[in-house]
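The working numbering applies: residue 1 is where the sequence shown begins, and numbers increase by one.
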Amino acid sequence: MINNITRRNIIKSLGVFGAAGALGTLARPSRADGNPIRLGLISPLSGSQEVIGRYQLAGATIAVNQINQAGGVMGRPLELVTRDSKAAPAAGVAAAKDLAGSGVNLMLGVLSSGVALAISPTLQADNSILVVCAASANELTHEQFSPNFFRTSDHAYSRQRALAKLVAEDSSDVEDWMMIAPQTAISQSNWDSFVDGMTEFYEAHDKTLNIGDPIWTKYGATDYKNEIVELMRSPAKGLYAGVYGGDAVTMFSQAAAYGLTKKFDVMVDPGSEFIIAQAMGKNTPEGIWSGFHWYYGAYEGHKINDDLYAAYVKETGDPHPAGYMGEAHASVLAYASAIQKAGSTDTDKVIAALEDLEFDSCKGMRKIRKEDHQAICDLNMVQFGPDDSEQGWKVTDYRVIKDDGLSEPAAPGQPIEFNFKKG
């Protein structure tokens, strides 16, 4: 997802958060005593997605240390037990079952929606709970809803509609849009959600919207020449670049010779966060917006945000933590609040405590809906551009969009309904 040099540097800086089976290498003296409460982190800690897994490990480790320094939960320390999902469904299921077999019934993490969709059906039989903090597929709280599954982060529907709302408010004069994305389930879910939002919000602004046929690519493609030519020939002035992460870097790098970024007046990305800017430096597309799980700069002055950011920078020297770190931190806070509320680590009691739980986090208050176990939280968007500094890029703007009606009504077990998207 990130070029090799950048990826190695990030993993090196995150190495301080070693994948230890207990508290990790950053364990601090604890004011809590008694038997530890074990939380199982399932995350990609090897392979192509390791860098994101390391961010999840960092956020969870910092949260565990902070809670333990404050006295723990019910006077007991938290202990983080890690398992490598390898970003593969089979490995993720094996990790979840291994944790459950070891007596760890409270789990969190999971980057890939495919991994989450594989684990979710196993939770009830294993008497476990999984709180995901990145996997965003709509199906997880709809067709494949499980009473033992929770999501404390945003999801495809809410984030892509928030991105559409931003576009409609800022750039609704851009009528013609195109999309390029890999042919994957999450890309389809993202695109459907974005189009649904664009249709609703453009109509609300009494603006015309024309959406061209989507250009579907292969995930991990290395040659985008034909797709770039097709984009250049289109009348569109707005581009939804669903080729996230490393695919986006490859596509935009190849597109530079064609002047692609100068053709489009508005470009949006569903969730690459810092990846495109960090990889492309001075060649960062001007004005591109990216969805973020959490952007630390938007919450300066909020104690949880500031303490998390300071702890991360102190240990790594990296001033730009990915939003994945903040969401893992929030999942640990959710568990701590629920366990304290339940007065127990019993699965059924913690499930009951998580339902309708309101808790503070690095991006403010969140509420987990009882009906479908989806958290309602802020949506963060960040805009980038090139810069003359050594870094080569800069944040030019950011937005915090409140989820006031952006999320769909809870409908566990039922497919999501798109009320504005046609076809």
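Cβ coordinates follow ideal geometry from the N, Cα and C atoms, glycine included.
Is residue i helix, strand or coil when you go by DSSP?
i                 : result
isoleucine 215    : strand
glutamate 79      : strand
isoleucine 62     : helix
phenylalanine 420 : coil
arginine 462      : Absent from the structure is residue 462, since the part of the chain shown begins at 1 and ends at 423.
tryptophan 294    : coil
glycine 72        : coil
aspartate 206     : coil
aspartate 176     : strand
alanine 135       : coil
alanine 125       : coil
alanine 411       : coil
With a threshold of 16 other CB atoms inside 10 Å of the CB of residue i, please say whether the residue is buried or exposed.
i              : result
glutamate 300  : exposed
lysine 86      : buried
glutamate 79   : buried
alanine 22     : Since pLDDT at alanine 22 reaches only 35, below the 50 mark, its modelled position is unreliable, and the value read off the structure follows with that caveat. Classification of alanine 22: exposed, given that the 10 Å Cβ count is below 16.
methionine 1   : Residue placement at methionine 1 is poorly supported in this model, since its pLDDT is 41, which falls under 50; the coordinates still yield a value, given next. Label assigned to methionine 1: buried.
isoleucine 5   : The predicted model places isoleucine 5 with a pLDDT of 43, which falls under 50 and marks its position as unreliable, so this point remains unresolved.
glutamate 390  : exposed
valine 104     : buried
glycine 47     : exposed
asparagine 380 : buried
arginine 54    : buried
Per DSSP, residue i forms a beta bridge with which residues?
i              : result
serine 427     : Nothing can be reported for residue 427, as the shown portion of the chain is limited to 1 through 423.
leucine 130    : Met107, Phe149
isoleucine 186 : None, per the DSSP bridge assignment.
arginine 161   : Answer is none; arginine 161 lacks a bridge partner.
arginine 38    : Glu79
alanine 181    : Trp216
tryptophan 191 : The partner list for tryptophan 191 (beta bridge, DSSP) is empty, contrary to what the question assumes.
Is there a Cβ of chain C sitting closer than 8 angstroms to that of residue i, yes or no?
i             : result
threonine 152 : Structure shown: chain C not included; a single protein chain is present.
Report the start-end ranges of each alpha helix (DSSP H) in the stretch 296-363 that is 4 residues or longer and not cut off at the edges.
303-316, 323-342, 347-354
Counting pairs of Cβ atoms below 8 angstroms between the stretch 96-110 and the stretch 37-54, do you hit three or more?
yes
Minimum length 3: unbroken beta strand (DSSP E) runs contained in the stretch 213-287:
215-217, 238-241, 266-269
Stretch pair the stretch 196-209 + the stretch 166-179: three plus CB contacts closer than 8 angstroms:
Short answer: they touch.
Between the stretch 176-185 and the stretch 209-220, are three or more C-beta pairs nearer than 8 angstroms?
yes
What residue ranges within the stretch 370-409 form continuous alpha helix (DSSP H) runs of no fewer than 4 residues, ordered along the chain?
none
Do three or more CB pairs link the stretch 262-274 to the stretch 352-359 at distances below 8 angstroms?
no
Spell out a yes or no on whether the stretch 128-145 and the stretch 407-423 are touching, meaning 3 or more CB-CB pairs, one atom from each, closer than 8 angstroms.
Short answer: they touch.
Could you tell me whether the stretch 219-239 touches the stretch 247-257, using the rule of 3 or more Cβ pairs below 8 angstroms?
In short, these stretches touch, since the Cβ pair count reaches three.
Could you tell me whether the stretch 87-102 touches the stretch 364-381, using the rule of 3 or more Cβ pairs below 8 angstroms?
no
Could you tell me whether the stretch 191-206 touches the stretch 153-167, using the rule of 3 or more Cβ pairs below 8 angstroms?
yes
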